[in-house]
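Enquirer: Respectively, the protein sequence lines represent chains A and B. Heads up: the first sequence begins at 1169 in my numbering, then just goes up one per residue. Heads up: the second sequence begins at 88 in my numbering, then just goes up one per residue. Backbone N, C-alpha and C define an ideal beta-carbon position, used for all residues, glycine too. Just dropping this structure here.
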Amino acid sequence: AQKVTQAQTEISVVEKEDVTLDCVYETRDTTYYLFWYKQPPSGELVFLIRRNSFDEQNEISGRYSWNFQKSTSSFNFTITASQVVDSAVYFCALRSYNTDKLIFGTGTRLQVFP
Amino acid sequence: GAGVSQSPSNKVTEKGKDVELRCDPISGHTALYWYRQSLGQGLEFLIYFQGNSAPDKSGLPSDRFSAERTGGSVSTLTIQRTQQEDSAVYLCASSLGTGYQQREQYFGPGTRLTVT
């Protein structure tokens, strides 16, 4: 069975702090894809990143970085120098190579206070 | 360019009535997906279309739920005889290709359905 676990329900930080959102996944497939989406208060899910299972290179995009470790089945997301605009619910998702549906975690609500 | 659009943005209906939710995917996207977001169940997959065909309907919760897509573009999700547990935000997404060729799924703003 496939499963995504985001153990952190809610995180609160003060602006400029770094914050890491955890994501642990379960799958028996050797080929799969991992995603992060952001859902701001407006409600629309915004795509952030896609990672293939055969590519374990970490990625950095501005203040965002992602750490993919197959050995621990984790795909963690770090925001450096957080800002109030980063406040949102963040979802990690998994898709197997032979299906088209996304399996979502329960999300982590991040609140960044000024 | 234009993103995924959904209508209506909000729908309040009485228990037992039928509702139709509409999704307009991004132009050129061949795959279209419906998800449901509710407090108790999180984000759940309902159904997806490749063109006008629905290879995976495994997430539809009951036979009261159906969906169709015409012309490889607009899709309609229909819920018959609505129940209070159908209250949720219904999200539509689209993507280029499926399977190995699938790219990211881009989501619309959702339709918030409230069944009274």
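What runs of the beta strand (DSSP E), each 3 residues or longer, lie entirely inside the stretch 138 to 190 of chain B?
Expert: Here the runs fully enclosed are 140 to 143, 152 to 156, 162 to 166, 175 to 182.
Enquirer: Alpha carbons only, please: which of B/Ser-181, B/Ser-125, B/Tyr-120, B/Leu-130 is nearest the one belonging to B/Ser-153?
Expert: Taking only the C-alpha atoms, the option nearest B/Ser-153 is B/Tyr-120.
Enquirer: Under 8 Å, Cβ to Cβ, is there at least one residue of chain A near B/Leu-130?
Expert: Taking Cβ atoms only, chain A reaches closer than 8 Å to B/Leu-130, which makes this a yes.
Enquirer: What first and last residue would you give for the beta strand (DSSP E) that runs through A/Asn-1244?
Expert: Looking at the DSSP string, the run of the beta strand (DSSP E) that includes A/Asn-1244 is 1242 to 1247.
Enquirer: Out of A/Ser-1229, A/Gln-1207, A/Glu-1212, A/Asn-1220, which one is the CA nearest neighbour of A/Phe-1236?
Expert: Of A/Ser-1229, A/Gln-1207, A/Glu-1212, A/Asn-1220, the residue nearest in Cα terms is A/Asn-1220.
Enquirer: Around the Cβ of A/Arg-1231, are there at least 16 other Cβ atoms within 10 angstroms (buried) or fewer (exposed)?
Expert: The residue in question, A/Arg-1231, is exposed, as its Cβ has fewer than 16 Cβ neighbours within 10 Å.
Enquirer: In terms of residues, what are the limits of the beta strand (DSSP E) holding A/Arg-1218?
Expert: 1214 to 1220 is the span of the beta strand (DSSP E), which, as asked, contains A/Arg-1218.
Enquirer: Is the beta carbon of A/Leu-1270 closer than 8 Å to that of B/Phe-132?
Expert: Contact: yes.
Enquirer: Using a C-beta cutoff of 8 Å, does A/Leu-1213 count as contacting chain B?
Expert: Judged by the 8 Å Cβ criterion, A/Leu-1213 is in contact with chain B.
Enquirer: For A/Glu-1185 and A/Ile-1247, I'd like the C-alpha separation in whole angstroms.
Expert: Rounded to whole angstroms, A/Glu-1185 to A/Ile-1247 spans 8 Å at the Cα level.
Enquirer: What are the boundary residues of the beta strand (DSSP E) that A/Ile-1179 is part of?
Expert: Its beta strand (DSSP E) spans residues 1178 to 1182.
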